Amino acid sequence: MTTTYLVAIDLAKRHFQVCATDLSGKVLFNRAFSRQKLLEFLAGQARCIVAMEACSTSHYWGRFAEGAGHEVRLIPPIYVKPFVKRQKNDATDAEAIAEAARRPNLHFVAVKSAGHQARAVTFRTHQCFVRQRTQLINALRGHLAEFGIVAPVGAANVTCLEQAMAAEGDGLPAAVREMAGFYLEQIKTLTLRIDELVQRLLLASRTDAFLRRLCTLPGVGPITAGALAAFAPDLRTFSDGRNFAAWLGLVPKQLSSGGKTRLGGMSRMGQDDIRRLLIIGAMSRIRWICRRGATPDNWLGRLLLRKPRMVAAVALANKMARTLWAMVVKQQDYRTA
1 MTTTYLVAID LAKRHFQVCA TDLSGKVLFN RAFSRQKLLE FLAGQARCIV AMEACSTSHY
61 WGRFAEGAGH EVRLIPPIYV KPFVKRQKND ATDAEAIAEA ARRPNLHFVA VKSAGHQARA
121 VTFRTHQCFV RQRTQLINAL RGHLAEFGIV APVGAANVTC LEQAMAAEGD GLPAAVREMA
181 GFYLEQIKTL TLRIDELVQR LLLASRTDAF LRRLCTLPGV GPITAGALAA FAPDLRTFSD
241 GRNFAAWLGL VPKQLSSGGK TRLGGMSRMG QDDIRRLLII GAMSRIRWIC RRGATPDNWL
301 GRLLLRKPRM VAAVALANKM ARTLWAMVVK QQDYRTA
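As numbered in full-length UniProt numbering, residues 1 to 337 make up the sequence shown, in order.
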């Protein structure tokens with residue numbers, strides 16, 4: 001009887017395509033499983049390699065497979081695409097995953113624990129509520145602008161809209177006041193929830209040694225530190241800080257050929273939340289420098305004299321990423337030179 005060496009799973013919500021191969025790579029079977037059947041199959045299958053694309057629900061299935069004694073390999077989808085044959089369907093996708101998982105020099109994604117993913121849920125919830133509040137504020141400002149009521153942009157200026165509505169008196173239609181009240185009620189509720197989540201992140205940054213160390217770097221606050229803890233893998237898996245910055249997409253895109261080096265814009269690979277927050281933190285440091293009116297005589301000051309602010313912010317975010325890697329690997333807080 002042929003022994004199953006590798007099981008490749010094309011994940012879905014209800015119907016899962018499973019491709020099993022032996023040690024030589026020969027396909028033993030390639031068929032669809034229901035969710036319950038897949039659970040029973042993984043629990044009863046002898047120890048083997050279970051390969052999946054690193055996508056939605058992959059970490060849950062990875063934890064389940066590891067609990068059943070299997071070796072789990074999560075593959076970035078971009079590495080699976082070259083192995084997909086003609087006529088793309090679930091069967092060819094599962095076969096492509098099986099083929100990619102056998103490559104000797106492929107880098108796999110580490111399976112996240114439930115606690116690690118719980119941090120991500122907290123961060124995503126905070127970001128979702130912030131987006132919803134911004135959407136409501138923009139809608140309210142747009143509606144009231146039709147009646148001559150305007151206020152500066154930003155959540156802090158919602159009270160200006162309330163004061164302007166009160167100053168209008170009876171000149172504002174009753175229906176508009178009623179609808180504006182609905183908006184203001186929802187905005188206040190979301191603000192309370194956002195403040196609660198921010199307080200949780202602040203408390204965690206004060207009690208958790210890892211988060212507290214990250215916050216010692218200028219430009220990194222509790223939200224950025226929380227994003228790093230939630231979405232980034234163990235930084236010690238990167239050989240150096242440059243590789244971590246490249247994983248975040250804070251390096252130029254390579255367009256080189258024929259011995260000629262051509263560099264484009266940011267590659268934007270890796271985790272976009274961490275990259276975005278690092279750039280925001282870098283821009284806040286640059287704004288603070290510009291408000292002082294005196295450009296520092298250092299690397300950043302010389303860069304600001306030659307490059308636009310956003311270009312300098314990306315370069316500073318790259319340096320911040322490399323510094324964060326060094327702080328984590330060496331287990332040291334940030335120290336000024």
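Cβ coordinates follow ideal geometry from the N, Cα and C atoms, glycine included.
All values derive from a computational prediction rather than experimental measurement.
C-alpha distance - G323 paired with T189, whole-angstrom precision: The sequence shown places Thr at residue 323, not Gly. Straight-line Cα distance between these residues: approximately 38 Å.
Three or more C-beta pairs below 8 Å linking the region 20 to 28 and the region 68 to 86: no
Quick one: give me the first and last residue of the alpha helix (DSSP H) that A166 is part of. 158 to 168
Distance between beta carbons of R14 and S34, contact taken as under 8 Å: 7 Å
Quick one: grab the DSSP three-state call for T336. coil
Give me the residue from F244, V72, N157 with the minimum Cα distance to M269. F244
Restricting to Cα atoms, I'd like to know which of L6, D333, Y60, Q254 is closest to L214. D333
Go through its chain and collect everything with a Cβ distance to I223's Cβ below 7 Å, but skip five positions before and after it. L201, L277
Contact under 7 Å by Cβ, D93 with D195: no
DSSP state of A323 mapped onto helix, strand, coil: In the sequence on display, residue 323 carries Thr and not Ala. Here T323 sits in helix by DSSP.
Do R124 and A229 count as a contact pair if the criterion is CB distance below 7 Å? no
Need the endpoints of the alpha helix (DSSP H) that C55 sits in, please. It is not in any alpha helix (DSSP H) - C55 carries neither H nor E in the DSSP assignment.
With distance defined between alpha-carbon atoms, name the residue in A8, Q36, H126, S256 nearest to E71. A8
Is there a C-beta anywhere in chain B that falls below 7 Å from the one on K188? The chain inventory of the structure shown lacks chain B, comprising one protein chain alone.
Just checking my contact of N318 with V220 at CB under 8 Å: how many whole Å lie between their CB atoms? Actually they do not touch by this definition, with Cβ atoms about 14 Å apart.
Note down the Cα distance separating K145 from D170, rounded to an integer number of angstroms. Per the sequence shown, the amino acid found at residue 145 is Ala instead of Lys. Whole-angstrom Cα-Cα distance: 17 Å.
C-alpha distance - F83 paired with E99, whole-angstrom precision: 7 Å
Simplified DSSP assignment, three categories, for Q254: strand
Mind listing, in chain order, the continuous beta strand (DSSP E) runs of no fewer than 3 residues lying wholly within the UniProt domain "Transposase IS110-like N-terminal" (7 to 147)? 15 to 21, 27 to 34, 49 to 53, 71 to 75
Compare the C-alpha of Q331 against each of L255, K37, L235, N89 and name the closest. L235
Suppose only complete runs of 3+ residues qualify. What are the beta strand (DSSP E) ranges in the region 214 to 254, listed by chain order? 252 to 254
Cβ-based burial, M288 [other Cβ within 10 Å; buried from 16]: Position check: residue 288 holds Trp in this sequence, whereas Met was assumed. It is exposed - the Cβ of W288 has fewer than 16 other Cβ atoms within 10 Å.
Taking DSSP as the reference, what is the three-state secondary structure of L263? strand
Pull up the distance between the alpha-carbon of F41 and that of G259, whole angstroms please. 51 Å
From the DSSP output, in three-state form, read off I149 for me. coil
CB-CB under 8 Å to I286, same chain, minus the five flanking residues each way: which ones, in chain order? L300, L304, R309, A312, A313, L316
Expected contact under 8 Å - CB spacing of L255 and L263 to nearest Å: 7 Å
When burial is assigned at 16 or more other CB atoms within 10 Å of the CB, is D240 buried or exposed? exposed
Between A91, A227, A321, which lies nearest to L217 when the distance is taken from Cα to Cα? A321
Please report the distance separating the alpha-carbon of P152 from that of L106. 51 Å
What distance in whole Å lies between the Cβ atoms of Q17 and D90, which are believed to be in contact at a cut-off of 8 Å? 4 Å
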